[in-house]
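Single-structure report; data block below.
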Amino acid sequence: MKNESVYDKSIAILKENHVRITPQRQIILKYLINHHNHPSVETIYKALEKDFSNLSMATVYNTLRLFEDLNIIIQLPNKDGGVRFDFFGTPHFHAICENCGKIMDIKYPKYNQLDQELQSITSDQEPDFTPTKSKIEVYGLCKACAAKLKQ
Ligand code: ZN
Ligand code: MN
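Position one of the sequence shown corresponds to residue 2 (the working numbering), numbered consecutively onward.
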């Protein structure tokens with residue numbers, strides 16, 4: 002899908018949920034669609050503050066929470082205890098380096114099937130629990146860290 006239609010789709014989700022389309026929300030959404038670096042709140046803020054002087058860290062943070070609630074983006078754990086964010090237009094899972102925290106996208110065409118399966122197993126075992134989504138992370142060592150730790 003082209004980035005423009007991905008953007009329009011996300012804007013449609015915001016409108017469906019009666020979220021006001023503010024310039025701040027638009028630029029943060031565009032940043033997330035165009036950057037697959039799994040940014041932190043600070044990274045997004047630093048990238049955008051030069052061009053949008055009325056943007057605050059709090060606005061970035063609140064916007065990310067909002068997008069996460071609407072399943073437009075997902076939150077990922079980070080080594081330093083902080084969190085990273087990721088646009089989730091194409092469902093995928095992540096390989097995360099246990100040593101340096103590097104996050105890599107792993108595309109999997111049957112991701113939605115797997116997600117459904119995990120949710121139905123969960124519902125079977127915990128009937129009072131309502132699953133909404135799952136996030137899959139595979140931990141290991143990246144190439145650079147594996148080489149470093151071998152020495
Ligand atoms: Zn690493
Ligand atoms: Mn990702």
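In this text, a Cβ means the ideal position worked out from N, Cα and C, and glycines have one as well.
The beta carbon of Leu49 sits closer than 8 Å to the beta carbons of Ile28, Ile29, Tyr32, Leu56 and Val61 from its chain, once the five residues preceding and following it are set aside; these are given in chain order. The three-state reading of DSSP puts Leu77 in strand, counting E and B together.
With fewer than 16 neighbouring CB atoms inside 10 Å of its own CB, Ser121 falls in the exposed class. In this structure, His95 has its beta carbon less than 7 Å from a heavy atom of the ligand MN. Pairing Arg85 with Ile73 gives a Cβ-Cβ distance that is not under 8 Å. These are the residues, in chain order, with a beta carbon less than 5 Å from any non-hydrogen atom of the ligand ZN: Cys98, Asn100, Cys101, Lys103, Cys143 and Cys146. Shown here for Lys108: same chain residues with a beta carbon closer than 6 Å to its own, the five before and five after excluded, namely His93 in chain order. The beta carbon of Ser41 sits closer than 6 Å to the beta carbons of Gly83 and Arg85 from its chain, once the five residues preceding and following it are set aside; these are given in chain order. With a threshold of 16 other beta carbon atoms within 10 Å, Leu150 falls short and is exposed. Contact between His39 and Asp87 is confirmed by a C-beta separation of about 5 Å, below the 8 Å threshold.
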